[in-house]
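K.L.:
Encoded as C-alpha coordinates, here's the structure I'll be asking about.
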Amino acid sequence: MVKIVVLAILGAFLSQVLKEYKPFLGTALSIITASAVFFFALPELERITVYAKSIYQAAGGKDMYIDSVLKITGIACLTWLGSDILKDAGLSAASTAVVMTGKVVCMGLCLPVIGALFQTLLSILPN
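Position one of the sequence shown corresponds to residue 361 (my numbering), numbered consecutively onward.
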(Lines of atoms letter the chains of each structure in order from A; the text may use other names.)
(Lines give C-alpha, C1' and ligand atoms only; values in the text may rest on other atoms or scores of the structure.)
Protein backbone atom coordinates (compact mmCIF):
# COMPACT_ATOMS: atom_id res chain seq x y z
CA MET A 361 0.00 0.00 0.00
CA VAL A 362 2.88 2.34 0.78
CA LYS A 363 4.23 1.86 -2.76
CA ILE A 364 0.87 2.83 -4.24
CA VAL A 365 0.60 5.97 -2.12
CA VAL A 366 4.20 6.99 -2.90
CA LEU A 367 3.59 6.39 -6.61
CA ALA A 368 0.42 8.47 -6.52
CA ILE A 369 2.02 11.37 -4.64
CA LEU A 370 5.12 11.34 -6.84
CA GLY A 371 2.99 11.17 -9.99
CA ALA A 372 0.79 14.03 -8.79
CA PHE A 373 3.80 16.18 -7.92
CA LEU A 374 5.56 15.55 -11.23
CA SER A 375 2.30 16.08 -13.11
CA GLN A 376 1.81 19.50 -11.52
CA VAL A 377 5.39 20.51 -12.32
CA LEU A 378 5.04 19.33 -15.92
CA LYS A 379 1.72 21.13 -16.37
CA GLU A 380 3.47 24.46 -15.90
CA TYR A 381 5.82 23.84 -18.82
CA LYS A 382 4.02 21.29 -20.99
CA PRO A 383 0.31 21.00 -20.08
CA PHE A 384 -0.21 18.04 -22.40
CA LEU A 385 2.60 16.04 -20.80
CA GLY A 386 1.35 16.89 -17.32
CA THR A 387 -2.10 15.59 -18.18
CA ALA A 388 -0.62 12.48 -19.81
CA LEU A 389 1.46 11.76 -16.69
CA SER A 390 -1.64 12.23 -14.55
CA ILE A 391 -3.54 9.66 -16.65
CA ILE A 392 -0.61 7.23 -16.54
CA THR A 393 -0.30 7.61 -12.76
CA ALA A 394 -4.03 7.02 -12.20
CA SER A 395 -3.96 3.96 -14.45
CA ALA A 396 -0.88 2.53 -12.71
CA VAL A 397 -2.46 2.96 -9.28
CA PHE A 398 -5.63 1.26 -10.54
CA PHE A 399 -3.68 -1.68 -11.97
CA PHE A 400 -1.92 -2.19 -8.62
CA ALA A 401 -5.38 -2.80 -7.13
CA LEU A 402 -6.43 -5.45 -9.65
CA PRO A 403 -4.95 -8.49 -7.83
CA GLU A 404 -6.73 -7.44 -4.64
CA LEU A 405 -9.94 -6.95 -6.61
CA GLU A 406 -9.68 -10.49 -7.94
CA ARG A 407 -9.32 -11.90 -4.41
CA ILE A 408 -12.38 -9.93 -3.28
CA THR A 409 -14.38 -11.21 -6.25
CA VAL A 410 -13.47 -14.86 -5.61
CA TYR A 411 -14.25 -14.50 -1.90
CA ALA A 412 -17.61 -12.77 -2.52
CA LYS A 413 -18.61 -15.48 -4.99
CA SER A 414 -17.69 -18.28 -2.60
CA ILE A 415 -19.70 -16.72 0.24
CA TYR A 416 -22.68 -16.16 -2.04
CA GLN A 417 -22.57 -19.72 -3.38
CA ALA A 418 -22.28 -21.14 0.14
CA ALA A 419 -25.46 -19.25 1.01
CA GLY A 420 -27.23 -20.88 -1.94
CA GLY A 421 -27.40 -17.86 -4.23
CA LYS A 422 -27.36 -17.93 -8.01
CA ASP A 423 -24.14 -16.89 -9.76
CA MET A 424 -26.07 -14.58 -12.10
CA TYR A 425 -26.96 -12.19 -9.27
CA ILE A 426 -23.53 -11.93 -7.67
CA ASP A 427 -21.97 -11.54 -11.12
CA SER A 428 -24.31 -8.63 -11.82
CA VAL A 429 -23.48 -6.97 -8.52
CA LEU A 430 -19.74 -7.36 -9.10
CA LYS A 431 -20.02 -6.04 -12.67
CA ILE A 432 -22.00 -3.04 -11.45
CA THR A 433 -19.37 -2.34 -8.80
CA GLY A 434 -16.58 -2.60 -11.38
CA ILE A 435 -18.38 -0.31 -13.82
CA ALA A 436 -18.98 2.22 -11.05
CA CYS A 437 -15.27 2.22 -10.13
CA LEU A 438 -14.12 2.54 -13.75
CA THR A 439 -16.67 5.27 -14.41
CA TRP A 440 -15.49 7.20 -11.37
CA LEU A 441 -11.82 6.86 -12.40
CA GLY A 442 -12.51 7.83 -16.00
CA SER A 443 -14.65 10.77 -14.96
CA ASP A 444 -11.99 12.11 -12.61
CA ILE A 445 -9.28 11.76 -15.24
CA LEU A 446 -11.41 13.67 -17.75
CA LYS A 447 -12.18 16.40 -15.20
CA ASP A 448 -8.47 16.70 -14.45
CA ALA A 449 -7.83 17.12 -18.16
CA GLY A 450 -10.43 19.90 -18.28
CA LEU A 451 -12.98 17.86 -20.22
CA SER A 452 -16.01 18.38 -18.01
CA ALA A 453 -18.61 17.56 -20.68
CA ALA A 454 -16.90 14.27 -21.55
CA SER A 455 -16.68 13.49 -17.83
CA THR A 456 -20.42 13.99 -17.45
CA ALA A 457 -21.07 11.78 -20.49
CA VAL A 458 -18.95 8.99 -19.00
CA VAL A 459 -20.83 9.21 -15.69
CA MET A 460 -24.20 9.16 -17.45
CA THR A 461 -23.22 6.20 -19.62
CA GLY A 462 -21.97 4.30 -16.57
CA LYS A 463 -25.28 4.91 -14.79
CA VAL A 464 -27.29 3.68 -17.77
CA VAL A 465 -25.18 0.52 -18.08
CA CYS A 466 -25.51 -0.13 -14.33
CA MET A 467 -29.27 0.31 -14.55
CA GLY A 468 -29.40 -2.25 -17.34
CA LEU A 469 -27.36 -4.73 -15.30
CA CYS A 470 -29.60 -4.15 -12.26
CA LEU A 471 -32.78 -5.27 -14.02
CA PRO A 472 -32.35 -9.05 -13.45
CA VAL A 473 -31.55 -8.47 -9.78
CA ILE A 474 -34.57 -6.17 -9.34
CA GLY A 475 -36.79 -8.68 -11.16
CA ALA A 476 -35.65 -11.49 -8.86
CA LEU A 477 -36.25 -9.27 -5.83
CA PHE A 478 -39.82 -8.53 -6.96
CA GLN A 479 -40.47 -12.22 -7.63
CA THR A 480 -39.25 -13.07 -4.14
CA LEU A 481 -41.43 -10.39 -2.59
CA LEU A 482 -44.48 -11.56 -4.54
CA SER A 483 -43.92 -15.15 -3.47
CA ILE A 484 -43.76 -14.11 0.20
CA LEU A 485 -46.85 -11.88 0.15
CA PRO A 486 -50.23 -13.57 0.62
CA ASN A 487 -52.45 -13.77 -2.45
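Using N, Cα and C, we set each Cβ at its ideal position, and we do this for glycine too.
When we look at the beta-carbon of I426 and count the other beta-carbons within 10 Å, is it buried (16 or more) or exposed?
P.N.:
Here residue 426 refers to the residue found at position 66 of the sequence shown. Flag for I426 reads buried.
K.L.:
Where does the unbroken alpha helix (DSSP H) through L424 begin, and where does it stop?
P.N.:
As a working note, residue 424 is residue 64 in the sequence shown. Note that residue 424 is Met in the sequence shown, not Leu. Here the alpha helix (DSSP H) through M424 covers D423 to D448.
K.L.:
Would A396 pass as a contact of G371 if the rule is Cβ separation under 9 Å?
P.N.:
Reading the sequence shown from its first residue, position 36 is the one you call residue 396. Reading the sequence shown from its first residue, position 11 is the one you call residue 371. Going by C-beta atoms, A396 is nearer than 9 Å to G371.
K.L.:
Beta carbon of I470, beta carbon of S414: below 9 Å?
P.N.:
Numbered from 1 along the sequence shown, position 110 holds the residue referred to as residue 470. Numbered from 1 along the sequence shown, position 54 holds the residue referred to as residue 414. The residue asked about is misnamed: residue 470 is Cys in this sequence, not Ile. No. Outside cutoff.
K.L.:
Suppose the cutoff is 8 Å on Cβ atoms and the five residues either side in sequence are ignored; what does the same chain contact list for K447 look like?
P.N.:
Here residue 447 corresponds to residue number 87 of the sequence shown, with the count starting at 1. So the qualifying residues of the chain are S455.
K.L.:
Any C-beta of chain C sitting closer than 9 Å to the C-beta of V365?
P.N.:
This model lacks chain C altogether; it includes just one protein chain.
K.L.:
Exposed or buried, which one is S452 when buried takes at least 16 other CB atoms within 10 Å?
P.N.:
To locate residue 452, count along the sequence shown from 1; it is residue 92. The residue in question, S452, is exposed, as its Cβ has fewer than 16 Cβ neighbours within 10 Å.
K.L.:
Excluding the five sequence neighbours on either side, which residues of its own chain have a C-beta within less than 6 Å of the C-beta of A368, listed in chain order?
P.N.:
Residue mapping note: residue 368 aligns to position 8 of the sequence shown, counting from 1. Cβ within range, chain order: V397.
K.L.:
Can you grab the Cα-Cα spacing for the pair A418 / E406, in whole Å?
P.N.:
Here residue 418 refers to the residue found at position 58 of the sequence shown. Here residue 406 refers to the residue found at position 46 of the sequence shown. Each residue's Cα considered, the two are about 18 Å apart.
K.L.:
Going by Cα to Cα distance, which pick from T433, K422, Y416 and P403 is closest to M467?
P.N.:
Residue 467 sits at position 107 when you count from the first residue of the sequence shown. It is T433.
K.L.:
Over what stretch of residues does the alpha helix (DSSP H) that includes A419 continue unbroken?
P.N.:
Taking the first residue of the sequence shown as position 1, residue 419 is located at position 59. Run containing A419: none; DSSP gives neither H nor E here.
K.L.:
Please return the same chain residues whose Cβ sits closer than 8 Å to the Cβ of A401, not counting the five positions on each side in sequence.
P.N.:
Here residue 401 is taken as the residue at index 41 of the sequence shown, counted from 1. Here the set comprises I364.
K.L.:
Output the boundary residues of the alpha helix (DSSP H) element that contains M361.
P.N.:
Stepping through the sequence shown from its first residue, residue 361 is reached at position 1. M361 -> no alpha helix (DSSP H), and no H or E assigned at all.
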